Each structure stands twice: as structure tokens, then as C-alpha cells.
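Heads up, the thing below is written out as C-alpha cells.
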Amino acid sequence: MPEGDTIRYAAKRVGAALFGHQIRSIETPHPRHARDRWPERLNGQAVRSVDAHGKHLFLRFEGGLTLHSHLRMTGKWGVYTPGQRWRRSPRRAWLVIRTKGHEVVQFDGPVLELMTDSRTRFDQRLAALGPDVLADHFDEHAFLCRLREDDPTRGIGDALLDQRTVAGIGNLWKAEACFAVSLDPWQRTAEVPDEEALAVVLAARGAMQKSVEKGLRMNASVYGRAGLPCPRCNTRVQARGQGEDNRTTFWCPRCQG
Ligand SMILES: [Zn+2]
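According to this note's numbering, numbering within the sequence shown proceeds without interruption in unit steps and concludes at 246.
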């Protein structure tokens, strides 16, 4: 599943392809958007900015309209030069934006909507998002407030996935960040002091920032490594579903005990 770093990296590439370039066409091939008339509504408008908040991406146009996208489990952004072969089938494209030098494509996009700028500010789902883990200045205070307002019996690993507490962390970075700071993902948040809660988020932030810079991920220490030896102590890495959504969490029972 794409996490905040993937989305921010996509925003950088999409922004570089569209910002300052005349848009030649916008297509919405998926039947769900056949009647939305986005090509007409966005006709002649330049892209003002492309930004990300957590796992959400916003393509803002000059006329005050914004395309909001969330990839959920399966979606993907692609940026290609004209004629270059797309990495997914054109049948799976939901949005295609062409400039002279680029084709920007959103594939398999379960959330793709055109909204006014003011709605992006007041939309309840978006307004509820916690501070972005990859924001230029991460709002530590807001993160701690939201964490403490939440159910204190929740495991910290589960709490880190709640986008209302901190936006952008997914299952991979949750597992890796807990490992990096030797924190047991099953520990109740009530028993995790502020310093440790901050340390785990900042560990995720640091690793995700590197991923945004390079566009690729380092080898995981525990994520996806159930039954394999912990790189620090050789104990077998454990895996078990956690939280209401039963997302698999990976951890070393010895280093993170
Ligand atoms: Zn270990």
C-alpha cells in the first residue's frame, strides 16, 4: 500500500511534469467519471501546485478547482514521456493529463474527485487528518495531543496507523520505526511516554524523508520478515494482526520487548 513517502514522491514528479507547462488535454477514461465533464471544467487552466498531505495528493488548478486523489491499496501515479510504454494497462487509467513533454496518469484510483479549494479545507475527512509526518515542520504538539485524546488502551503500533493522529504512516513504516527505536508495537499508548511516542514518529519521518529523496526504499529490518532472524539479535521476527483492521505487525520480541 502506498504510504506518505510514495505519495510525496509522486507529488514531486507530477508537479515537475505539470507546473509551468501548458496542459494539452485532460481525459477521464473510466466510465465512473464519464459525466463529470472535468475536461471542460478544467479546460485552459494551468496547474498552480501539486502537494501531499499524508496519503492524499492534491492537484490544484488556477481557477480554484482541485483534484483530490487517494490511492488506497492499489492505485498508482505514473509520469511518462509521450510514447513511452505505461507500466499498467491503459484500461486501468482513471485520469490522463498530457503536456508537450509528459503524460501524467493515475491508475486504479479509487478516490479521485474534483473539488473547490474551500472544500479541500472544510471537507470533514480531510480536516480530520492529523499532522503530516512529512510536513516541512512536523507539528509534534498536535501529534501528542491527538495521541492522548485517542483510546489509551490501543497498541502504539495500531495508533500510529490512525491517520487522524498522524497522517502518512502506513504498515511498513510503522513496523520499521518501532523496530528502529526498540519499541514494542503492542505496548498500550498509555504506557508509552511522550518522548518515546515522539521518537518513533521522528524515526518514521527520517526514514520516509530519505525514501522521498531517492524514490526507493531501503531493505526492511522486520517488515515482511516473519520467521527470519532479527538483524540485531538473531531472534525470529514475529508477525500478527493488530488493531480493528487486523493489519499485520512485525516485530522482534527480544529487541522490542
Ligand atoms: Zn532483535
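The C-beta atom is built at its ideal place from N, Cα and C for all residues, glycine as well.
Model, not experiment: these values are computed from the prediction.
What are the boundary residues of the alpha helix (DSSP H) that Ala166 is part of?
160 to 169
With a threshold of 16 other CB atoms inside 10 Å of the CB of Ala156, please say whether the residue is buried or exposed.
buried
Would you mind reading off the limits of the beta strand (DSSP E) that contains Lys65?
65 to 69
Per DSSP, what are the beta-bridge partners of Trp240 in this structure?
Gln227
Alpha carbon to alpha carbon, how far is Arg137 from Gln245?
22 Å
Give a yes or no on contact between the stretch 43 to 51 and the stretch 156 to 165, applying the rule of three or more CB pairs nearer than 8 Å.
yes
Any heavy atom of ligand 1 inside 8 Å of the beta-carbon of Asn208?
no
Helix, strand or coil: which one does DSSP assign to Glu202?
helix
Residue closest to Glu51, alpha-carbon to alpha-carbon, out of Ala179, Gly9, Leu60, Lys163
Gly9
Note down, in chain order, each residue of its chain lying with its Cβ closer than 8 Å to the Cβ of Glu13, except the 5 sequence neighbours on either side.
In the sequence on display, residue 13 carries Arg and not Glu. Result list for Arg13: Arg87, Thr88, Lys89, in chain order.
Relative to the C-alpha of Cys222, which candidate in Ala228, Pro174, Arg243, Glu129 has its C-alpha closest?
Arg243
Between Gln198 and Lys1, what straight-line distance do the alpha-carbon atoms span, to the nearest angstrom?
13 Å
CB of Arg194 within 9 Å of CB of Leu123, strictly
yes
Are Val39 and Gly67 touching if we call contact CB-CB under 9 Å?
no
Decide if the stretch 133 to 149 is in contact with the stretch 98 to 113; the criterion is three or more beta carbon pairs, one per stretch, under 8 Å apart.
no
Is the Cβ-Cβ distance between Val190 and Phe239 less than 9 Å?
no
I need the straight-line Cα distance from Gly53 to Arg236, nearest angstrom please.
38 Å
Hey, is Arg243 close to ligand 1, as in C-beta under 8 Å from one of its heavy atoms?
yes
Beta-carbon contacts of Asp247 that lie in its chain and below 7 Å, excluding the five residues immediately before and after
The requested residue 247 is not part of the displayed model; the chain covers only -10 to 246.
Return yes when at least one heavy atom of ligand 3 lies under 8 Å from the C-beta of Thr70, else no.
In the structure shown, ligand 3 is absent; the only ligands present are ligand 1.
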